[in-house]
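Here is the structure we will look at.
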Amino acid sequence: VKYCIRQKIIARIYQMPYEKFDTPQNYDQIQRALEFVDSGNYQFYDIIAGIVSDVLSLCAVIYVLSQLNWWVLLFLAVAMLTEYMVNRIRDKEVYQTKRKLTRSKRGMNYIFGIIGRKEYIKDLRINHTGHFIHEKFEKFYRESREETIRMTAKMNFLKLPTSITDTLFTCG
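FYI, in my numbering the residues of the sequence shown are -3 to 168.
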């Protein structure tokens, strides 16, 4: 199934006019679609396992909640609301970061395409432009690395409220 979907996407890519394909927005959408197809198989199994896990958790939670005090239920609601809000912010941040990283990857792939061909390497050496290409690649690499580090730091910061509520609930 994954192979067929990937082939359909590639067939549509070949049907696109070159002018449309060359725009950064279309290129980014194509890259994200192919990336989703490649990782989509694993996501399907994760979703199924997540549904089964959620149903079992719901049954256990309903049983436990029926035995608890109203104050504990109120505290649980606050903890769940906090975790929900943090997860929404995290998911939005991950999506935005992936979009930014796709643009950097496009630049790096373009440079790899230039460097990977023998006839281009010869021109780069003759015209002394290898240093320029190297600087461009370094720039794209630094941008993607900085964006990844920034996202990791933000994710760690976003874990703070949920870890506080988890700690309070565990101690309480």
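Even glycine gets a Cβ: it sits at the ideal position worked out from N, Cα and C.
Because the structure is a prediction, the values reported are computed rather than measured.
Asked: Distance CB(residue 24)-CB(residue 95) smaller than 9 Å; Found: yes
Asked: Residue 99 versus residue 92: straight-line alpha-carbon distance, rounded; Found: 11 Å
Asked: Residue 158 vs residue 89 beta-carbon contact at 9 Å; Found: no
Asked: Counted within 10 angstroms of its Cβ, other Cβ atoms place residue 57 as buried (16 or more) or exposed; Found: exposed
Asked: Assigned secondary structure, residue 103 (DSSP; H/G/I helix, E/B strand, else coil); Found: helix
Asked: From 130, 61, 134 and 87, residue whose alpha carbon lies closest to that of residue 154; Found: 87
Asked: Contact under 9 Å by Cβ, residue 97 with residue 140; Found: yes
Asked: Touching by the beta-carbon criterion (3+ pairs, under 8 Å), the segment 26 to 34 and the segment 1 to 18; Found: yes
Asked: Own chain partners of residue 144 with C-beta closer than 8 Å, once the 5 adjacent residues on each side are dropped; Found: 93 and 97
Asked: Nearest neighbour of residue 0, chosen from 21, 54, 33 and 19 [CA to CA]; Found: 33
Asked: Limits of the alpha helix (DSSP H) - the one that residue 11 falls within; Found: -2 to 11
Asked: Alpha-carbon to alpha-carbon, residue 76 and residue 83; Found: 10 Å
Asked: CA nearest to the CA of residue 20, picked from 46, 102 and 51; Found: 102
Asked: Distance between residue 138 and residue 160 (C-alpha atoms, nearest Å); Found: 34 Å
Asked: Where residue 126 falls: helix, strand or coil (DSSP); Found: helix
Asked: Residue 65 to residue 146 span [Cα, whole Å]; Found: 41 Å
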